[in-house]
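Visitor:
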Amino acid sequence: MSGIKCAIIGPGNIGTDLLYKLLRSEVLDPVWMVGVDPTSEGLARARELGLKTTSDGIDGLVPHVVADGVQIAFDATSAYVHAENNRKLNELGVLMIDLTPAAIGPFCVPPVNLATLSAQKVMNVNMVTCAGQATIPMVRAVSRVQPVGYAEIVATIASKSVGPGTRKNVDEFTRTTSDAVVRIGGAKRGKAMSVVNPAEPPLMMRDTVYCETEDAPDREAITRSVHDMIAEVQTYVPGYRLKNGPIFDGNKVSIYLEVEGLGDFLPKYAGNLDIMTAAAARTAEMFAHELLDGSLTLSPVLEEATQ
Amino acid sequence: MTNNSDLRGRNVKMHDMCLRDGMHSMRHQITIDQMIDIATGLDEAGVPLLQVTHGDGLGGSSLQFGRGLHTDKEYITAVASRMKRAVVSVLHVPGIGTLDELRMAADCGAGCVHVASHCTEADITEQHIGLGRKLGMDTVGFLIMAHMTPVDNFVAQSLLMESYGATTVYCVDSAGYMLPEEVTDRISALRSALRPETEIGFHGHHNLGMGVANSIAAVAAGADRIDGSAAGLGAGAGNTPLELFAAVSERMGIETGVDTFQLMDVAEDRVLPMMPKPPRADRDSLTLGYAGVYSTFLYAAKDAQRKYGIPARDLLVELARKKMIGGQEDMIEDTALTMARERGLLPA
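Those protein sequence lines, which keep their order, are chains D and U.
Per the numbering used here: the first sequence = residues 55 to 361.
Per the numbering used here: the second sequence = residues 183 to 530.
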């Protein structure tokens, strides 16, 4: 295969699910899986699938980056170690796709702003949060029709699909999501909430988006825009569905969504994780196309002495 | 059965909820003057703790839960500055409220925080319990919908909250579903598992009319704090009516430090007149307790009945079947829409 060579940092649930998606890609070629635990199941699985692995963390990857031609890396570790991983790989000219809530680089929600990022020469993009990936396309679907004064999103996630990282950092999750509802969704003010539901069998991810339009909502245009956007998200997350709505009540627009995962590595109820890995893979594919056709070149980021 | 003499001399802290849980019944529209009037009355009656927050806790003012007439900041500041003895507490639900909002509450004079999670998800509270302690607040772990997990897991979750720094852990019967012996089982298990200095609380709802009986069972099994509301003002059929609990406690010799007659007067003269109607186990509230549904779902279910013609009782039973939990208010309209389509009330 002559795709763009990629490394995945973090062989956990997200990293492994992402690996399956990259293996299907025509333009991405996963070659390295990076972990910290030599007994990790995720590293063993990656080896079986033909990847090189290291359990020495980012420092185990760095010496091989140039020789193996790695150009894109995905970070599926935690917000705490992301900055260091990013610095070490950016120095070598590797573009970083960040799946942690660190948010060093600009937010990316593919159907909303992926196209604009390619012009910006970025070396790090952040995938917001699963709640953000699921809801921000809908906020944008309304705000591209008419001004949205306030948008609010509620994500309900099956307890089994919420890892220890998210649990320890619920506040970062909430703040990063509400920030992106404004910056990417296009609402003037935003709020995000999350609920973890332990039901057995686990519930499918559910997301609700409320938008308050500044003037009376154009019902027809908003309904059409919502359906168009659903179709766009479905191109990379086929299980992204409109369950109910849009419902109009005064200036309030309510949109009820369900996200079923592909079930690559994670169970289908974990649509929250699937939409993250699918969005990350889609983002990387766009950059890969540009690298392959020569419209994008990556250059090493030298550490700035100031700041 | 509990032997009354067992409880003679036991000290119990009463915690009033009518200005927080009662916000649900008032659709979050209590005025600042009403808050001050009731809170000062409770303070004078000797109620040591009273909660002031949006019904869904800090940051709860939203389209999902209903907007408050005023901000939490305005309510807390107005009440806290007027308290002579009572401590103002807040409800804080990680996932709804943020750490910044908890800092704001402490700055405005709140001295106690109930950090809440669903009864199986205590590990999302670590940051928030940690901050409560760091701010010097009386920090309580508040495990809601306690009937939804077996006793052994309930205890495990309580131990997590204790390990994060909670100095009190609550069994919260958010659905008003529990019966006295179920309360006894949970509180006794907590008492034997938690450190002796960790206090235990019980928060009841009156949907099956068991608020007072459950609270007494909790005290008998070792609870140190009991939540209730003056005049019962709270979600569903209301909270444990605090003046009833005070009167029963007095007869049983439980020491609460509260003047029962003064508390009765606050309930009758200050709380009752502001209520649109007194909380009562009507058909829908009773369904909450019967089916084990989060009490605050009552209001949106009644709204959905008016809007889509699905009886609130049917809707609540369906929400219970789907195992919806606190915070999932959005699923009420969603479920009503789906049911209305299935029943041919809306076009498919």
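Cβ atoms here follow ideal geometry from the backbone N, Cα and C, with glycine treated the same way.
Flag this pair as touching only if the stretch 248 to 263 of chain D and the stretch 283 to 295 of chain U have three or more C-beta atom pairs under 8 Å; answer yes or no.
Guide: no
Visitor: Let me check understanding here. Comparing Cα to Cα, which of D/A157, D/I158, D/I68 and D/V179 lies closest to D/N167?
Guide: Indexing the first sequence from 1 puts residue 167 of chain D at position 113. Closest by alpha carbon: D/V179.
Visitor: Determine the extent of the alpha helix (DSSP H) in which U/H310 is found, giving its start and end residues.
Guide: The count along the second sequence starts at 1 and reaches residue 310 of chain U at position 128. Residues E308 to K316.
Visitor: Which of helix, strand or coil does DSSP assign to U/A522?
Guide: Locating residue 522 of chain U in the second sequence gives position 340, counting from the first residue. Helix, per DSSP.
Visitor: Using a Cβ-Cβ distance under 9 Å, would D/V224 count as near chain U?
Guide: To locate residue 224 of chain D, count along the first sequence from 1; it is residue 170. At least one chain U Cβ lies under 9 Å of D/V224.
Visitor: Pull up the distance between the alpha-carbon of D/V148 and that of D/Y204, whole angstroms please.
Guide: For the purposes of this step, residue 148 of chain D is identified with residue 94 of the first sequence, where counting begins at 1. For the purposes of this step, residue 204 of chain D is identified with residue 150 of the first sequence, where counting begins at 1. Spanning the two alpha carbons is a distance of roughly 37 Å.
Visitor: According to the neighbour-count rule (16 or more other Cβ atoms, all chains shown, within 10 Å of its Cβ), is U/N396 buried or exposed?
Guide: Within the second sequence, numbered from 1, the residue matching residue 396 of chain U stands at position 214. Classification for U/N396: buried.
Visitor: Taking the straight line between their C-alpha atoms, what separation do you get for U/L519 and U/Y490?
Guide: Here the question's residue 519 of chain U lines up with position 337 in the second sequence. Here the question's residue 490 of chain U lines up with position 308 in the second sequence. So the alpha carbons of these two residues sit roughly 7 Å apart.
Visitor: Take D/K242 and list the residues in its own chain whose beta-carbon comes closer than 6 Å to its own, dropping the five residues that flank it on each side.
Guide: Here residue 242 of chain D corresponds to residue number 188 of the first sequence, with the count starting at 1. Only G203 meet the Cβ criterion.
Visitor: Return no unless some Cβ of chain U is closer than 9 Å to the Cβ of D/P221.
Guide: Numbered from its first residue, the first sequence carries residue 221 of chain D at position 167. The sequence given here places Arg at residue 221 of chain D; Pro does not occur at that position. It does; some Cβ of chain U falls within 9 Å.
Visitor: If you measure beta-carbon to beta-carbon, which residues of the stretch 261 to 286 of chain U are closer than 8 Å to chain D?
Guide: From the stretch 261 to 286 of chain U, only P276, G277, I278, T280 and L281 have a Cβ closer than 8 Å to chain D.
Visitor: Give the DSSP-derived three-state secondary structure of U/N186 in the structure shown.
Guide: For the purposes of this step, residue 186 of chain U is taken as residue 4 along the second sequence, with counting starting at 1. Annotation note: pLDDT 49 at U/N186 (below 50); position unreliable, no value reported.
Visitor: Less than 7 Å between C-beta atoms, sequence neighbours within five positions excluded: which residues of the same chain meet that for D/T360?
Guide: For the purposes of this step, residue 360 of chain D is taken as residue 306 along the first sequence, with counting starting at 1. In this prediction, D/T360 scores a pLDDT of 43, lower than 50, which makes its location untrustworthy; no coordinate-derived value is stated.
Visitor: Output needed for U/G204: all residues of its chain with C-beta closer than 6 Å, excluding positions within five of it in sequence on either side, in chain order.
Guide: Along the second sequence, read from residue 1 onward, the residue named residue 204 of chain U stands at position 22. Within the same chain, U/G204 has close Cβ partners S411, L415 and G416.
Visitor: Can you list, in chain order, the residues of its chain whose CB lies under 8 Å from that of D/L327, leaving out five sequence neighbours each side?
Guide: Locating residue 327 of chain D in the first sequence gives position 273, counting from the first residue. Result list for D/L327: N67, I68, D71, C184, S215, G315 and L320, in chain order.
Visitor: Around the C-beta of U/G386, are 16 or more other C-beta atoms found within 10 angstroms, so that it is buried, or is it exposed?
Guide: Within the second sequence, the letter at position 204 stands for residue 386 of chain U. So U/G386 ends up on the buried side.
Visitor: For D/P321, which residues in chain U fall below 9 Å Cβ to Cβ?
Guide: Numbered from 1 along the first sequence, position 267 holds the residue referred to as residue 321 of chain D. For D/P321, no chain U residue has a C-beta closer than 9 Å to its own C-beta; the minimum C-beta separation is roughly 17 Å.
Visitor: Is it right to say U/R465 is buried, meaning 16 or more other beta carbons lie within 10 angstroms of its own, or is it exposed?
Guide: Along the second sequence, read from residue 1 onward, the residue named residue 465 of chain U stands at position 283. That one is exposed.
Visitor: Quick check: the Cα distance between D/E266 and D/N305, rounded to an integer number of angstroms?
Guide: Numbered from 1 along the first sequence, position 212 holds the residue referred to as residue 266 of chain D. Numbered from 1 along the first sequence, position 251 holds the residue referred to as residue 305 of chain D. Roughly 5 Å between the two C-alpha positions.
Visitor: Is the CB of D/V249 under 9 Å away from at least one CB in chain U?
Guide: The sequence position of residue 249 of chain D within the first sequence is 195, counting from 1. So yes, D/V249 belongs to the interface.
Visitor: Using 10 angstroms around the beta-carbon of D/Q174, count the other beta-carbons present and answer buried if the total reaches 16, otherwise exposed.
Guide: On the first sequence, residue 174 of chain D is found 120 positions in, with the first residue counted as 1. By the neighbour-count rule (16 or more Cβ atoms within 10 Å), D/Q174 is not buried but exposed.
Visitor: Pull the bridge partners of U/Y352 from the DSSP assignment, please.
Guide: To locate residue 352 of chain U, count along the second sequence from 1; it is residue 170. In DSSP, U/Y352 forms a bridge with U/F324 and U/G383.
Visitor: For D/E339, does the three-state DSSP call read helix, strand or coil?
Guide: Locating residue 339 of chain D in the first sequence gives position 285, where the first residue counts as 1. Annotated three-state conformation of D/E339 is helix, per DSSP.
Visitor: Where does U/M196 sit, in a helix, a strand or coil, going by DSSP?
Guide: One-based indexing of the second sequence puts residue 196 of chain U at position 14. Three-state DSSP puts U/M196 in a strand.
Visitor: Pairing CB atoms from the stretch 258 to 267 of chain U with CB atoms from the stretch 214 to 221 of chain U, are three or more of them under 8 Å?
Guide: Output reads yes: the stretch 214 to 221 of chain U touches the stretch 258 to 267 of chain U.
Visitor: Check whether the Cβ atoms of U/P461 and U/A428 lie closer than 9 Å to each other.
Guide: Counted from its first residue, the second sequence places residue 461 of chain U at position 279. Counted from its first residue, the second sequence places residue 428 of chain U at position 246. U/A428 is positioned such that its CB atom lies no closer than 9 Å to that of U/P461.
Visitor: Note down, in chain order, every chain D residue with its Cβ under 9 Å from the Cβ of U/K505.
Guide: Reading the second sequence from its first residue, position 323 is the one you call residue 505 of chain U. Going along chain D in sequence order, the residues near U/K505 (Cβ under 9 Å) are N251, P252, A253, E254 and L257.
Visitor: Using 10 angstroms around the beta-carbon of D/G123, count the other beta-carbons present and answer buried if the total reaches 16, otherwise exposed.
Guide: On the first sequence, position 69 is the one that residue 123 of chain D refers to. Exposed is the call here.
Visitor: For the pair the stretch 292 to 306 of chain D and the stretch 229 to 244 of chain D, tell me if three or more CB-CB distances fall below 8 Å.
Guide: no
Visitor: Buried or exposed for U/D188, please, with buried defined as at least 16 other CB atoms from any protein chain shown within 10 angstroms of its CB.
Guide: Position 6 of the second sequence, counting from 1, holds the residue named residue 188 of chain U. Sixteen is the threshold: since fewer than 16 other Cβ atoms of the shown chains lie within 10 Å of the Cβ of U/D188, the residue is exposed.
Visitor: Determine whether the Cβ of D/N326 lies closer than 9 Å to any Cβ atom of chain U.
Guide: Here residue 326 of chain D refers to the residue found at position 272 of the first sequence. Not an interface residue.
Visitor: Helix, strand or coil for U/V475, going by three-state DSSP, please let me know.
Guide: Reading the second sequence from its first residue, position 293 is the one you call residue 475 of chain U. Reduced to three states, the DSSP call for U/V475 is coil.
Visitor: Measure from the alpha carbon of U/L341 to the alpha carbon of each residue in U/E425, U/V322, U/M506 and U/M327, then state which is nearest.
Guide: In the second sequence, counting from the first residue as 1, residue 341 of chain U sits at position 159. When each option's Cα is compared against that of U/L341, the closest is U/V322.
Visitor: Does the count of Cβ pairs from the stretch 474 to 483 of chain U and the stretch 226 to 236 of chain D closer than 8 Å reach three?
Guide: no
Visitor: Measure the alpha-carbon distance for D/A335 versus D/L76 and round it to whole angstroms.
Guide: Numbered from its first residue, the first sequence carries residue 335 of chain D at position 281. Numbered from its first residue, the first sequence carries residue 76 of chain D at position 22. One C-alpha to the other measures close to 7 Å.
Visitor: I want to see whether chain D comes within less than 9 Å of U/I408, judged by CB atoms only; does it?
Guide: The residue you call residue 408 of chain U lines up with position 226 of the second sequence. Taking a beta-carbon distance threshold of 9 Å, U/I408 does not count as an interface residue toward chain D.
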